[in-house]
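Chemist: Got a structure for you, written out below as structure tokens; questions coming shortly.
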Amino acid sequence: MVDKHAFELEKINEQLRLEVAELRWKEEALRESEKRFRNIALSMVVWIWETDEKGVYTYCSERVQDILGYTPDEMTGRNFIDLMPPKAAQRFQKEFNEVSENKKIIKDFENWNLHKNGSHICLVTNGVPILDEDGELKGYRGVHKDITEQKRAEEALKEANRKLKKFDRLKSDFVSMVSHEIRTPITIMREGISLCLDGIIGEITTTQKEVLADTLEHIDRLVRLVTDLLDLSKIEEGKIELRRSLVDLCEIVKKIQKNFEKYAHDKDICIYSNVPSQPLHNYVDKDKIIQIFHNLINNAIRHTKPGGKIKIQIEEKHDLVLCCVSDTGVGISEENLTRLFSKFEQFGQKEDPENKGTGLGLAIAKGLVDKHGGEIWAESELGKGTIFYFTLKKVSPPSILVFHDRQSPSNRIKNALKGDGYHMIETSDLEEMVDLTQKRMPSLIILNARYEHMDALDVIEQLKQENKDLQNPFLVLNQNNHPEGLVRRDDRKNDICFIDKSITGEALKEKVMDLLAV
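Numbering (the working numbering), first residue to last: 623 to 1140.
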């Protein structure tokens, strides 16, 4: 009987020894796991945390002391917002409430916190919700990362950019001012030399003519440089306006080719064009488009050797017009293509050192293409030539609403503007005018200064009351003998322009283009 009990006791003791050994092994494994977790937490550049559902810390890794100066025990029981400045705390609390209500993750919450020594530390917070078995929110688990140095570097970069922009603006203002001031003496010098060359102020010798002619050539080059500087300054300041009209791009290209033929012929270069047989109309700034082509063609001529060819081409591509100027010149290396449209960049001058440009033509061309909403780029191969491409969006002419009385027909206005392709809308009824303004959103409204029972300002006020989004300008045709009381001067605040009703058709056309300029 004793042996039986001893055997049972020994069996129980053995079981206990096994369970104790297993428990010790588990404790050792737990200690090792905790050690690994602690080492991971210490090695990370982030501070690991857990909170309850209200954002009160229940756990913080030891990294918190390196980041904020507080021990984990000092942080336990504190809320997220306890160490944040008032505005940052308010913003963080609002964001936390929004995500916690919907049990969403905390993603990239960025706020400034106070270090124990009083300095400011910027932390970015990310976390995931902790849910119980019923899916209710118990709290959050996540990390805080110190991005103070990164934020300070960003602020320093912003400040440096601000100073650079200010310096660039001052430089542009200086260039613009100097260019304007230089124009007058240049004009006077050019006029004086031209008078000498023409023999108007006396005979000069052949040698003197050669010297003066050479001087005049350099003055013309200086004029081009000053003009380019002024154009570029306006583009950079956003002061360039487009005075659009409906033009035939095919006709423009043909005239440009003809204008360059003699210049190209003198350099033994063949210039020709390839355009559609039918007119290709587009609503663009004619002068600016001509300037783009001129800059590209001048660039092509400078870099094309005698015997070379230059082709101007345009074609319709869905809602775009694709324009290109190609040459058989010296070409551009691949590494230089990326800098092609930068200011003062010049390539290929070693091949033609006597025929240098200003280095601004391509930058100006890009600015003007950008203003039209298009794109410009180039393809090139050294020794085989370059092709410049640019696109123009196909734009329809805007609509113009003419409000007239029965005694004042709008035929003269229509005749003056018909060549520019504007879509004309006419009415003599005020209610219909209000309705048309809301439905058609015209780009310009033309009206008389006075009607039978009201004046233009009454009409404009009613239109603005009925349509709060109305942004178009108004052109008021004023009578010289109109009754007193109607404001005659332009009202720029409300985009109202007054002109005499007797204005010529050409002047009316120019005024409309000015008002529609963007």
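Each residue gets a CB set at the ideal place from its N, CA and C atoms; glycine is no exception.
Since we're looking at a predicted model, the values are computed, not measured.
Let me know the secondary structure DSSP gives leucine 834 once reduced to three states.
Modeler: helix
Chemist: Among the residues of its own chain, which have a CB less than 8 Å from the CB of isoleucine 662, if the five just before and after it don't count?
Modeler: Interpretation of isoleucine 662 is limited by its pLDDT of 45, a score under 50 that renders its predicted location unreliable; no figure is taken from the coordinates.
Chemist: Give me the residue from Gln879, Lys910, Cys872 and Lys908 with the minimum Cα distance to serine 899.
Modeler: Cys872
Chemist: Among Leu819, Ile823, His840 and Glu839, which has the Cα closest to the Cα of glutamine 830?
Modeler: Checking every option, the nearest Cα to that of glutamine 830 belongs to Leu819.
Chemist: Closer than 7 Å by C-beta to histidine 737: which residues in its own chain qualify, once you throw out the five before and the five after it? Chain order, please.
Modeler: Leu690, Gly691 and Ile743
Chemist: Rounded to whole angstroms, how far is the Cβ of valine 1081 from the Cβ of leucine 1052, which I believe are closer than 8 Å?
Modeler: 7 Å
Chemist: I think isoleucine 1148 touches methionine 1046, with their Cβ atoms under 8 Å apart; what is that distance to the nearest whole Å?
Modeler: Not covered by the structure: residue 1148. The range shown for the chain is 623 to 1140.
Chemist: Tell me whether glutamine 1093 sits in a helix, a strand or coil according to DSSP, three-state version.
Modeler: coil
Chemist: May I have the straight-line CA-CA distance separating phenylalanine 789 from lysine 780, to the nearest angstrom?
Modeler: 14 Å
Chemist: Could you give the first and the last residue of the continuous beta strand (DSSP E) run that contains valine 750?
Modeler: Per DSSP, valine 750 belongs to the beta strand (DSSP E) from 742-753.
Chemist: Of all the options Met811, Thr828 and Gly821, which has the alpha carbon lying nearest to the alpha carbon of glutamate 839?
Modeler: Met811
Chemist: In whole angstroms, what is the alpha-carbon distance linking threonine 806 and lysine 861?
Modeler: 22 Å
Chemist: Leaving aside the five residues before and after aspartate 850 along the sequence, list all residues of the same chain whose C-beta is less than 8 Å from its C-beta, in chain order.
Modeler: Thr980, Leu982, Gly983 and Ile986
Chemist: Could you tell me how far apart the beta carbons of tyrosine 905 and leucine 868 are, in whole angstroms, since I believe they sit closer than 8 Å?
Modeler: Contact flag correct, Cβ pair sits at about 5 Å.
Chemist: Run through the DSSP bridge pairs and tell me what phenylalanine 1012 is partnered with.
Modeler: Beta-bridge pairing links phenylalanine 1012 to Cys945 and Ile998.
Chemist: Measuring straight from C-alpha to C-alpha, what distance separates glutamine 687 and aspartate 704?
Modeler: 16 Å
Chemist: In its own chain, which residues sit with a C-beta less than 8 Å from the C-beta of lysine 965, not counting the 5 before and 5 after it?
Modeler: Leu854, Gly981, Leu982 and Ala985
Chemist: Which residue or residues does DSSP assign as beta-bridge partners of glutamine 576?
Modeler: The question about residue 576 has no answer, for the chain in this structure spans 623 to 1140.
Chemist: Report the option in Thr926, Arg865, Lys933 and Phe796 whose CA atom is closest to the CA atom of asparagine 896.
Modeler: Lys933
Chemist: Taking only runs that begin and end inside the segment 702-782, name each unbroken alpha helix (DSSP H) of 4 or more residues, in chain order.
Modeler: As far as the segment 702-782 is concerned, its whole alpha helix (DSSP H) runs of at least 4 residues are 708-723.
Chemist: DSSP three-state label for glycine 824, please.
Modeler: coil
Chemist: May I have the straight-line CA-CA distance separating glycine 757 from glutamate 672, to the nearest angstrom?
Modeler: 18 Å
Chemist: Rounded to whole angstroms, what is the Cα-Cα separation between glutamate 777 and glutamate 937?
Modeler: 48 Å
Chemist: Tell me, to the nearest whole angstrom, how far the beta carbon of asparagine 748 is from that of glycine 764; I am working on the premise that it is less than 8 Å.
Modeler: 5 Å
Chemist: Could you name the residues of the same chain whose beta carbon sits closer than 6 Å to that of leucine 1130, not counting the 5 residues immediately before and after it, in chain order?
Modeler: Contacts found: Ala1038.
Chemist: Which residue from Glu1001, Met706, Lys767 and His916 puts its Cα closest to that of asparagine 958?
Modeler: Glu1001
Chemist: Would you mind giving the Cβ-Cβ distance between leucine 962 and phenylalanine 1025, rounded to the nearest angstrom? I have them listed as a contact below 8 Å.
Modeler: So it is not a contact: roughly 50 Å between Cβ atoms.
Chemist: In terms of DSSP beta bridges, what is tyrosine 681 paired with?
Modeler: Glu672.
Chemist: Taking only runs that begin and end inside the segment 856-913, name each unbroken alpha helix (DSSP H) of 4 or more residues, in chain order.
Modeler: Those alpha helix (DSSP H) runs which fall completely within the segment 856-913 and span 4+ residues are 871-888.
Chemist: Can you tell me the Cα-Cα spacing of alanine 775 and aspartate 730, whole angstroms?
Modeler: 19 Å
Chemist: Quick check on proline 1064: buried or exposed, where buried means 16 or more other Cβ atoms within 10 Å of its Cβ?
Modeler: buried
Chemist: Assign serine 816 to one of three DSSP states: helix, strand, or coil.
Modeler: helix
Chemist: Per the DSSP calculation, phenylalanine 1025 is bridged to which residue(s)?
Modeler: Thr1049 and Leu1069
Chemist: When you compare only the Cα positions, how much space is there between isoleucine 728 and phenylalanine 718?
Modeler: 8 Å
Chemist: Going by alpha carbons, who is nearest to lysine 1006 out of Lys1015, Lys931, Lys1036 and Lys939?
Modeler: Cα-wise, what sits closest to lysine 1006 is Lys931.
Chemist: Once the 5 residues before and after valine 1056 are set aside, which same chain residues still bring their CB inside 6 Å of it?
Modeler: Glu1088
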